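Heads up: the structure comes next, in C-alpha cells.
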C-alpha cells in the first residue's frame, strides 16, 4: 500500500498509466512536471507516450521543470481521496479547477512559457493522477494532520 | 511488300538478339511497315517472338475463325472480320470480344487498343538522376517518424530566405519555367517558430472527436438563465473560432514551401478551430437552448486588418488566444456537467498549442529582428484598445460568463467578480508569456486593461 507522497507511490501510478492503452490514446506528452507536497518535491518525466521516470528532487530542481503542482498535504489528500471515491476527479477536483481555486495556483513555474505545458498536456496529467484510484493510498502523517 | 527483304538496322538487330526475336520475324515486321523504333519498343515491353508472329499472322488474315455468333455480333456493330481475327490471334477470348461490343467499344477504338495506343511513348528517365540528397534513411523516434526526425541533411536545412516562387518541396530540385504560386512570404523570421514541427505532431496525436468522445448524455436540463448563459458563451466562442480559422486560412497560401512545418502546423490549427466551432455549436443546440447574439467584433477587426503575418500572429495567437485559453480554463472550472467539463478541458489543450506557436514565433522574431520590437508593441497597443471596445460594447459575453460562473442571474455580482478575476488571470499570463519572448509590456499595457490587474 504505497504512501503518498513517495517515489514508490508515483512509480505505482507510472506503471499503471504505462500499461494503459487509454493513456497512450490521449497522445504524446512531453513534460517535466513536479509535485510538491510539504517539504517533499518529486519530478515526474513524461516523454512521448509514457511516463519515463520519477525521482525525489530538491528546491533547486524546480527551476528545470516546466511546472510543478503545489498544494498543502491536506489538499493533496482531499484531491486523491476524491479521485479514489469517484474513480476520477469530479467536477470540483480536476487539476485545472484546483489551479484556479488556489491563490497562487496549483500549477506553478518559474517560466511564463513553459508553464503552458500544464495546459497542453492537461488531460494526460489528469489521467496520471486519476490512475491513483486503482491503488490503495496511505498518507504520510503530515498529510493527515495538516 | 511482305515478300520484300528489308535491312535490319544495327541497333534493332542487337535488341532482337537480346530479346530472342529471329531475323526473319524482324524482317517480316519491318516489311509490314513497322519502324525499327516501334519494334524496339515492343521488345522492351516484353512482347515475345511468338506473340509477334501470331500478331503478324492475324494481320495477314491468318488468324482463327470466329464463331457464327461472334461474327453475327461483329456484323451488327460494324466490327470488320479482319479485326476479329486479329484480336483472336492476339489471345482475346470470344466472350471478351462480345462484352466489348456490348459495351459500345467501336472498331476504331479496338484497333487502336490492339496497336498499343499508337506510337510508343519515348521514355525520358533523366529524373532518376536528379541531384537531390539520396540514400536518406530517417529513423523513427519514441514519438514515431516525426517531422523533426526527417529533417536530416539538406532536407532539414531551413533557409533564412526561400528563393523559389513555386510549390517545389524543400529539398527537391527546381526546374525552369514553372509558374509562380503567388506566395508572398519568403523570409524565415516572418513565420518561423522552433516549436512548429513538434506542435504539428502534438496536434495530430492529441486529436479528439466531439461527436463521440464528449459524454453528451451527461447534460441535464439547466435553469433557463444558465442555459441561456452557456448558449451565449458557445455562440461567442463559435464565432471567434470560425474567424480565426478564416484568418489563418487566408495566410496559409502566402507562406512559401520552404517553411512547410509552419504551413502544416497552421493547418492543424484551422482544424482545431473547426472542432471548437463544431463542439460549442453542438453544446448550444443540445439541451433545449439555441444560439445567442453575435459579438460586436471590435477585437476581430485588429486581427482581420493585420497587414503582415507577425502582426496577425501577435494579436491573434498571443493576445486574443491567451484570453480564449483563460476563458476555456474558467469554463472548465465552472462547468455544470461532465460534458461541458470535457469540452472545455480539451479546448484548453488545443488552444494552448496555438498560443505556444504565437509566443515562440514572437521570440524568434525578437531574436532575429530586434529592430521590430517597437513595431510589435504598437500592434499590441492597437489590439488591446480594440479588445477593450469589446469589453465596453459587448455586455452579452461578459454577462453570460458572469451568470455561468456565478451560478445564476441572481448571483451575477459574484459572477462578475469571477469574470474580473478571469480577466486578471488572462493579463498576468499574457504579460508573463510576452516577458518570456523578451517583450516587457507591464508598463505599456493599455490603461483600460491595467484596471483588471490592479484590482
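Chains as they are written, first to last, in this note's numbering: chain P, 1 to 146; chain R, 1 to 455.
Where is the CB? At the ideal position from N, CA and C, for every residue including glycine.
These numbers come from a predicted model, not from an experiment.
Assuming residue i contacts residue j (C-beta within less than 8 Å), just tell me the rounded distance between them.
{"i": "residue 83 (chain P)", "j": "residue 61 (chain P)", "result": "Not really, about 26 Å apart at Cβ, beyond 8 Å."}
{"i": "residue 56 (chain P)", "j": "residue 3 (chain P)", "result": "In fact, because the Cβ distance is near 13 Å, the residues do not count as touching under 8 Å."}
{"i": "residue 87 (chain R)", "j": "residue 114 (chain R)", "result": "6 Å"}
{"i": "residue 419 (chain R)", "j": "residue 229 (chain R)", "result": "Incorrect: roughly 11 Å between the Cβ atoms, too far for contact."}
{"i": "residue 156 (chain R)", "j": "residue 231 (chain R)", "result": "Not confirmed; about 48 Å, so no contact."}
{"i": "residue 417 (chain R)", "j": "residue 315 (chain R)", "result": "Not quite, the Cβ-Cβ distance comes to about 28 Å (not below 8 Å), so this is no contact."}
{"i": "residue 237 (chain R)", "j": "residue 280 (chain R)", "result": "5 Å"}
{"i": "residue 437 (chain R)", "j": "residue 359 (chain R)", "result": "5 Å"}
{"i": "residue 274 (chain R)", "j": "residue 245 (chain R)", "result": "6 Å"}
{"i": "residue 302 (chain R)", "j": "residue 386 (chain R)", "result": "4 Å"}
{"i": "residue 142 (chain R)", "j": "residue 48 (chain P)", "result": "4 Å"}
{"i": "residue 309 (chain R)", "j": "residue 251 (chain R)", "result": "6 Å"}
{"i": "residue 400 (chain R)", "j": "residue 219 (chain R)", "result": "That pair is no contact at about 17 Å."}
{"i": "residue 348 (chain R)", "j": "residue 330 (chain R)", "result": "Not confirmed; about 10 Å, so no contact."}
So, helix, strand or coil for residue i, using DSSP?
{"i": "residue 46 (chain P)", "result": "strand"}
{"i": "residue 207 (chain R)", "result": "coil"}
{"i": "residue 1 (chain R)", "result": "With a pLDDT of only 40 at residue 1 (chain R), under 50, the local geometry of the prediction cannot be trusted, and the value read off the model is given with reservation. Of the three classes helix, strand and coil, the one that applies to residue 1 (chain R) here is coil, per DSSP."}
{"i": "residue 4 (chain P)", "result": "strand"}
{"i": "residue 144 (chain R)", "result": "strand"}
{"i": "residue 212 (chain R)", "result": "helix"}
{"i": "residue 12 (chain P)", "result": "helix"}
{"i": "residue 401 (chain R)", "result": "helix"}
{"i": "residue 301 (chain R)", "result": "helix"}
{"i": "residue 264 (chain R)", "result": "helix"}
{"i": "residue 307 (chain R)", "result": "coil"}
{"i": "residue 324 (chain R)", "result": "helix"}
{"i": "residue 167 (chain R)", "result": "coil"}
{"i": "residue 443 (chain R)", "result": "coil"}
{"i": "residue 138 (chain P)", "result": "strand"}
{"i": "residue 76 (chain P)", "result": "helix"}
{"i": "residue 56 (chain P)", "result": "strand"}
{"i": "residue 369 (chain R)", "result": "coil"}
{"i": "residue 40 (chain P)", "result": "strand"}
{"i": "residue 65 (chain R)", "result": "coil"}
For residue i, which residues of its own chain have a beta-carbon under 8 Å away from its beta-carbon, when the five flanking residues on both sides are left out?
{"i": "residue 54 (chain P)", "result": "7, 10, 11, 14, 42, 43, 44, 45"}
{"i": "residue 440 (chain R)", "result": "434"}
{"i": "residue 132 (chain R)", "result": "154, 171, 172, 173"}
{"i": "residue 183 (chain R)", "result": "165, 253, 254, 255, 256, 257"}
{"i": "residue 443 (chain R)", "result": "none"}
{"i": "residue 221 (chain R)", "result": "227, 287, 288"}
When burial is assigned at 16 or more other CB atoms within 10 Å of the CB, is residue i buried or exposed?
{"i": "residue 192 (chain R)", "result": "buried"}
{"i": "residue 44 (chain R)", "result": "exposed"}
{"i": "residue 454 (chain R)", "result": "exposed"}
{"i": "residue 241 (chain R)", "result": "buried"}
{"i": "residue 66 (chain R)", "result": "buried"}
{"i": "residue 139 (chain P)", "result": "buried"}
{"i": "residue 1 (chain R)", "result": "Note that residue 1 (chain R) has pLDDT 40, beneath the 50 cutoff, so the model's placement of it is unreliable and the number below is only indicative. Exposed."}
{"i": "residue 126 (chain R)", "result": "exposed"}
{"i": "residue 77 (chain R)", "result": "exposed"}
{"i": "residue 367 (chain R)", "result": "exposed"}
{"i": "residue 136 (chain R)", "result": "exposed"}
{"i": "residue 139 (chain R)", "result": "exposed"}
What residues in its chain sit with their C-beta under 7 Å from that of residue i, if we drop five residues either side in the sequence?
{"i": "residue 227 (chain R)", "result": "287, 288, 289"}
{"i": "residue 16 (chain P)", "result": "131, 134"}
{"i": "residue 25 (chain R)", "result": "49, 52, 53"}
{"i": "residue 55 (chain R)", "result": "89, 90"}
{"i": "residue 3 (chain R)", "result": "Caution is warranted here: a pLDDT of 45 is assigned to residue 3 (chain R), below 50, making its placement in the model unreliable, and no coordinate value can be reported."}
{"i": "residue 452 (chain R)", "result": "420, 423, 424, 427"}
Once the 5 residues before and after residue i are set aside, which same chain residues still bring their CB inside 6 Å of it?
{"i": "residue 160 (chain R)", "result": "188"}
{"i": "residue 66 (chain P)", "result": "31, 32, 114, 117"}
{"i": "residue 70 (chain P)", "result": "36, 108"}
{"i": "residue 415 (chain R)", "result": "402, 403, 405, 406"}
Is residue i near the ligand PLP - that is, is its Cβ less than 6 Å away from at least one heavy atom of it?
{"i": "residue 159 (chain R)", "result": "Among the ligands in the structure shown, none appear at all, so the ligand PLP cannot be discussed."}
Please list the residues of the segment 112-131 of chain P that have a C-beta atom closer than 9 Å to any C-beta atom in chain R, keeping them in chain order. 112, 113, 114, 115, 116, 117, 118, 119, 120, 121, 122, 123, 124, 126
Going along the chain, which residues of the segment 39-59 of chain P sit with their C-beta nearer than 8 Å to a C-beta in chain R? 47, 48, 49
Pull out every residue of the segment 86-105 of chain P whose Cβ sits closer than 8 Å to any Cβ of chain R, in chain order. 91, 94, 96, 97, 99, 100, 101
Along the segment 58-72 of chain P, what residues have a CB closer than 7 Å to any CB found in chain R? none
Contacting positions in the segment 19-31 of chain P - beta carbon closer than 9 Å to chain R: 26, 27, 28, 29, 30
Could you list the residues in the segment 354-378 of chain R with a C-beta less than 7 Å from some C-beta on chain P, going in chain order? 355, 356, 359
Proximal residues, the segment 314-329 of chain R versus chain B, C-beta separation under 8 Å: Any reference to chain B falls outside this structure, whose protein chains are P and R.
Scan the segment 395-423 of chain R for residues whose Cβ lies nearer than 8 Å to a Cβ of chain P and list them as they occur along the chain. none
Output needed in chain order: residues of the segment 207-231 of chain R with a Cβ under 7 Å from some Cβ in chain P. none
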